[in-house]
Amino acid sequence: MTVSTDLFKQTMGSFPTGVTVTTAHNAAGQVIGMTASAFSSLSLDPLLVLMCPAKDADCYNGLKDADYFSIHILAGDQGPLAWQFANSGTDKATGLRISKGPNGSPKIDGCLAYLECRHHALYDGGDHGILVGEVIYIELPDTNREPLVYCKSALAPLPSPNV
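So, in structure tokens, the structure goes:
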């Protein structure tokens, strides 16, 4: 049996994932970035994470060339932010309060968590890259908010566990 691209996408879209926004500055100093659910911890020694940008994404070259980049873990009420960074060909920073992390990478205020990463490696992953970052700074400002999750083309807050 041959597996179609559509069936593969439908199947993978049935797997709930957290939602992140990855940002960096391009060579011109502009904030670039993308929404990504393809994000994971990779190693504890050294502290490594990975995210997988599409090679045809408008920010791909900027992300792969940046010395530092940021991962923002989104809270349940940040669906509009996820959609803003999912759109191509737009100024992703419009209307946002963005400061800088300790090494200068963009930091979107109000996210559930912020990780600043030093570029560690970039691997080929077919039509995506596998961008590995060494985590050098973390802020976890608000542990009382629920995370944003993506499943079946929809964004929603993760329901609170009944404890």
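In the working numbering, the protein residues as written are 170 to 332.
The beta-carbon is built from N, C-alpha and C at its ideal position, and this holds for glycine as well.
Residue environment: residue 277 is assigned as buried (16 or more neighbouring CB atoms within 10 Å of its CB, all protein chains considered). Burial state of residue 292 is exposed, judged by a 10 Å Cβ sphere holding fewer than 16 other Cβ atoms.
Counting along the chain, residue 232 sits inside the alpha helix (DSSP H) bounded by residues 229 to 234. Shown here, residue 180 sits in a helix according to DSSP, grouped into three states.
Secondary structure at residue 296: coil, using DSSP grouped into helix, strand and coil. Ranked by how close their Cα comes to the Cα of residue 306, the residues 294, 299, 285, 321 have 285 in first place.
Counted as a single uninterrupted DSSP element, the beta strand (DSSP E) harbouring residue 323 occupies residues 323 to 326. For residue 249, the enclosing alpha helix (DSSP H) starts and ends at 248 to 255. With a contact defined as Cβ atoms closer than 8 Å, residue 200 and residue 261 qualify at about 6 Å.
Taking residue 194 as the centre and dropping the five residues before and after it, the same chain places the C-beta of 200, 201, 231, 235, 273, 274, 275 closer than 8 Å to its C-beta, in chain order.
Residue 228 sits buried, since 16 or more C-beta atoms from the chains shown fall within 10 Å of its C-beta. Around the beta carbon of residue 267, fewer than 16 other beta carbons lie within 10 angstroms, which makes this residue exposed.
Residue 207 and residue 180 have their alpha carbons spaced roughly 15 Å apart. Its chain contains 227 as the residues whose beta carbon lies nearer than 8 Å to that of residue 258, once the 5 sequence neighbours on both sides are disregarded; these appear in chain order. When the alpha-carbon of residue 225 is set against those of 245, 256, 302, 271, the nearest one is in 256.
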